[in-house]
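Participant: Residue numbers (my numbering): 1 to 120.
No residue lacks a Cβ here, since even glycine has one placed at the ideal position from N, Cα and C.
Handing you a structure now.
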């Protein structure tokens, strides 16, 4: 199994097949559409899902998407909890030589508090 995995990640190249063909060496990640890719991704991703989160937070994953839910008594408290969790995830990504696309990352505040209409 080790030799099979080693061979999968060795001497890999990627090619661009537009009008010009450029071949480049690939040193990380798994190729899209490969039969082994999802399994290798799950092995890597699972280590992130086992990070110890504070009691106010939970991680939910689907494929390569991640959702972190956290709660607090105030918006500031929830924001502080989320910042703690994001530091842990960022450190995990750095240790695993991964980067998250900030343009695809979203934050949403959900509150039970009713909004008051401003009076003129």
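Cβ of residue 53 within 9 Å of Cβ of residue 85?
Facilitator: Yes.
Participant: Can you give me the Cβ contacts of residue 88 inside the same chain, cut-off strictly under 7 Å, excluding the 5 residues immediately before and after it?
Facilitator: Cβ within range, chain order: 51.
Participant: Does the beta-carbon of residue 81 have 16 or more other beta-carbons within 10 angstroms, so that it is buried, or is it exposed?
Facilitator: buried
Participant: Do you know offhand how far residue 42's Cα is from residue 73's?
Facilitator: 34 Å
Participant: Note down the Cα distance separating residue 132 from residue 5, rounded to an integer number of angstroms.
Facilitator: Outside the displayed range of the chain (1 to 120) lies residue 132, so it cannot be described from this structure.
Participant: With distance defined between alpha-carbon atoms, name the residue in 111, 96, 78 and 100 nearest to residue 57.
Facilitator: 78
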